[in-house]
């Protein structure tokens, strides 16, 4: 899957004396490595034992196969094993480690609008963190996002759609008895972006509240690191997030979109050109930058 | 609402027939668009009527308050106090509403007035609803002639995040259009018209009308700033999203012309009104003219702020351009790399929410990371439940009594002396005094006092302007040497002129926030 594990194919013949070399101690170490991988905020640079196991994984093909097997047995997908990301694991769909929307937010389980908003917040966070395809491809890229920036970015995109609908004289007000047919952007526009609360905390149901929940959840997943409090909280991305978006989330969401019969165009050139008539939202692909403030 | 809507229907259902008669069949629901528009406008007023209808349900006797009036005043206040960057402050709006509320029921206690103000503001935001907005239902005929009921969602006052993490209020377009006035006209031309009117009115000495016109001009100025703020926001966020070859440069050029033009215009008006203010005999005229000066000054301040934003736009664009477009690509295969915005976010947003949720759900399932489920053993649980809670020490360990030694008070002057001296130097801003006179007066009060007064006066010769600016002081003591020699038995040097300068605290605060 990743270049680090290509070592498997070029294994030195001397390192494979026979299948009998695996001991219970090796199995315990492999499981130990997976358990380190399950603590996403832990980095090999901070833990000698972890770093040693990473080294073993990359140098001993047998050990790496063993660790992969342990992960697979637990319903985990190994995205990368490296010094920078540690053992980056993703949960398979039916795995006990997978996050379910109902556990994430109780309201989202019962309210279709909230369910969409929570999912969109996660999608938009990634889009702001990796605005261009280049950023996703570049291992050294570190994305920066702010809560207010993500909210502002989505609102701007929605406003464009609103303006376009108005230009075309389209009535986007949904029929009263069919809320599921309402255009998705309207659900976002309608929700207020913030609100005063009695205890001066962020209003959970507001869009900045929803985005704020998403980013702090991603912090706990080891995908973002908090760097400051400006603009509702500023964050930077980790190697794990890039891997997760690149290898897992993007393709899954794309597949779902294609299944709906929508074929987005592939990334266009980054040339600076005015948006053409009829262009998606009037936005050239790859647009979307973090806030400056 | 629901009572009136059908009667409107009856009146206007004939209109589509007249319009489309013989031309072509109406292509869609556009036929009764006019009706829908008016129904929406009507809906925007409903929350205000609702306030008066619901005040009877409040615990307490609130029928004496005219809630709709307070609500309209609140919307006006928010609109006027909307700043370029943020919005109006909750508490500030309440405190400015209080005089009106108090005037409606002077006999009632002040806390009640404040409660009424908060109730009105909260209801304009509609705090109780999830979306913090309002919904009205109206009906239209679809392309196929079927009658469809639709939801119209709107807000009157919305809450927006400020830079410092606080929450500010802004009025929405709906509120401005329907409730502040029919302002959805061409901003530029409307503004020019208002100002020509203003000039004429001032020339004729009709200050009452002039004030109205000036206030309208300010509404438009705010609206213009709001339009530009949005455009600049988009530019900052996302360089390629905006047409930087034609649209934005044109818009910036236009806006800069506008600012230059208005600035000249408003300065001319300012000169005119100042003249009116200074020459007028009638105190009422004088007061009105003075108010007008404040309004026009505020307009000028807003224009200047707008201009500095406009000038920043170019450099922001170039910096972003450098970062994104000219950075060398880092090898690596881009083929197959996902453009998250262009290929996912943009196509998802226009979808019906039902379908869009499928995509976002797929993202959520794969893009949020993993969680290790907590598992519980019965024995642990029993132990945990039976363990008595740890007594928490709220106050922490006891502090030892500190052993304090009284330091001798070796100050040259006592607190009372300082107070007296400051009182002496608390001069009215329009009547500065000579140091000699101050010293003589101080000597009569206390033989020690002249030393302190002299010291303060000498300090005032180099007043701490920077500190006063940073702290937003409203007055500042200063001293000037005009060459006159000081004639005093104890002191020599210059007979300084000591006075108080008034500082434009509001203006300085605005400048500080601009510089930040």
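Protein chains in written order, with the UniProt record's numbering: chain R, 1 to 293; chain B, 1 to 516. Here a beta-carbon is modelled for each residue, glycine too, at the ideal position from N, C-alpha and C.
{"Query": "Taking only runs that begin and end inside the segment 270 to 300 of chain B, name each unbroken beta strand (DSSP E) of 3 or more residues, in chain order.", "Result": "none"}
{"Query": "Determine the contact status of residue 491(B) and residue 454(B), defining contact as a CB-CB distance below 9 Å.", "Result": "yes"}
{"Query": "Strictly below 9 Å CB to CB, what residues from chain B border residue 294(R)?", "Result": "No answer is possible for residue 294(R): the residues shown for chain R start at 1 and end at 293."}
{"Query": "Which whole-angstrom value describes the C-beta separation of residue 131(B) and residue 192(R), a residue pair presumed to lie in contact below a C-beta threshold of 8 Å?", "Result": "6 Å"}
{"Query": "Does the separation of the CB atoms of residue 129(R) and residue 366(B) fall below 9 Å?", "Result": "no"}
{"Query": "Thinking just about the alpha-carbon of each residue, which of 71(B), 42(B), 60(B) and 507(B) is nearest to the one in residue 299(B)?", "Result": "507(B)"}
{"Query": "Would you mind working out which of 153(B), 159(B), 67(B) and 165(B) sits nearest residue 176(R), comparing C-alpha positions?", "Result": "153(B)"}
{"Query": "Please confirm if residue 248(R) has its CB atom under 9 Å from at least one CB of chain B.", "Result": "yes"}
{"Query": "Taking DSSP's pairing of strands, which residues face residue 476(B) in a bridge?", "Result": "501(B)"}
{"Query": "Starting from the Cα of residue 475(B), find the closest Cα among 364(B), 448(B) and 503(B) and give me that residue.", "Result": "503(B)"}
{"Query": "Kindly indicate the opening and closing residues of the beta strand (DSSP E) around residue 411(B).", "Result": "Residue 411(B) -> no beta strand (DSSP E), and no H or E assigned at all."}
{"Query": "Whose Cβ in chain B lies nearer than 7 Å to the Cβ of residue 205(R)?", "Result": "130"}
{"Query": "Any Cβ of chain R within less than 9 Å of the Cβ of residue 339(B)?", "Result": "yes"}
{"Query": "Reducing DSSP to helix, strand and coil, say where residue 483(B) ends up.", "Result": "coil"}
{"Query": "Residue 362(B) and residue 255(R) - do their beta-carbons sit closer together than 9 Å?", "Result": "yes"}
{"Query": "Helix, strand or coil: which one does DSSP assign to residue 305(B)?", "Result": "helix"}
{"Query": "Spatial neighbours of residue 22(R) within its chain, please: CB distance less than 8 Å, with the 5 preceding and 5 following residues excluded, ordered by chain position.", "Result": "62 and 66"}
{"Query": "Give the single residue among 210(R), 103(R), 26(R) and 78(R) whose Cα lies nearest to the Cα of residue 517(B).", "Result": "In the structure as shown, chain B starts at 1 and stops at 516, and residue 517(B) therefore has no counterpart that could be examined."}
{"Query": "Measuring straight from C-alpha to C-alpha, what distance separates residue 298(R) and residue 233(R)?", "Result": "Shown here, chain R extends from 1 to 293; a query on residue 298(R) therefore has no answer."}
{"Query": "Taking just the CA atoms, how far does residue 167(B) sit from residue 163(R)?", "Result": "26 Å"}
{"Query": "By DSSP, does residue 417(B) sit in helix, in strand, or in coil?", "Result": "helix"}
{"Query": "My output table needs one value for residue 67(B): the three-state DSSP class, helix, strand or coil.", "Result": "helix"}
{"Query": "Taking the C-alpha atoms as reference points, what is the distance between residue 389(B) and residue 106(R)?", "Result": "29 Å"}
{"Query": "In the structure shown, what three-state DSSP assignment does residue 125(R) receive?", "Result": "helix"}
{"Query": "Among 190(R), 53(R) and 237(R), which has the Cα closest to the Cα of residue 25(R)?", "Result": "53(R)"}
{"Query": "Below 8 Å on C-beta distance, what does residue 165(B) contact in chain R?", "Result": "229 and 232"}
{"Query": "Shorter than 9 Å from the beta carbon of residue 254(B) to some beta carbon of chain R?", "Result": "no"}
{"Query": "When you compare only the Cα positions, how much space is there between residue 171(B) and residue 204(R)?", "Result": "22 Å"}
{"Query": "Measuring only the C-alpha atoms, how far is residue 108(B) from residue 443(B)?", "Result": "50 Å"}
{"Query": "DSSP on residue 433(B), reduced to helix/strand/coil?", "Result": "strand"}
{"Query": "DSSP state of residue 81(R), grouped into three classes?", "Result": "strand"}
{"Query": "According to DSSP, is residue 349(B) helix, strand or coil?", "Result": "coil"}
{"Query": "For residue 161(B), which beta-bridge partners are listed by DSSP?", "Result": "167(B)"}
{"Query": "Let me know the secondary structure DSSP gives residue 494(B) once reduced to three states.", "Result": "strand"}
{"Query": "For residue 352(B), return the contacting residues in chain R, with the cut-off set at a CB-CB distance below 8 Å.", "Result": "180, 181, 182, 183 and 184"}
{"Query": "Going along the chain, which residues of its own chain have a beta-carbon closer than 6 Å to the beta-carbon of residue 171(R), five neighbours each way excluded?", "Result": "none"}
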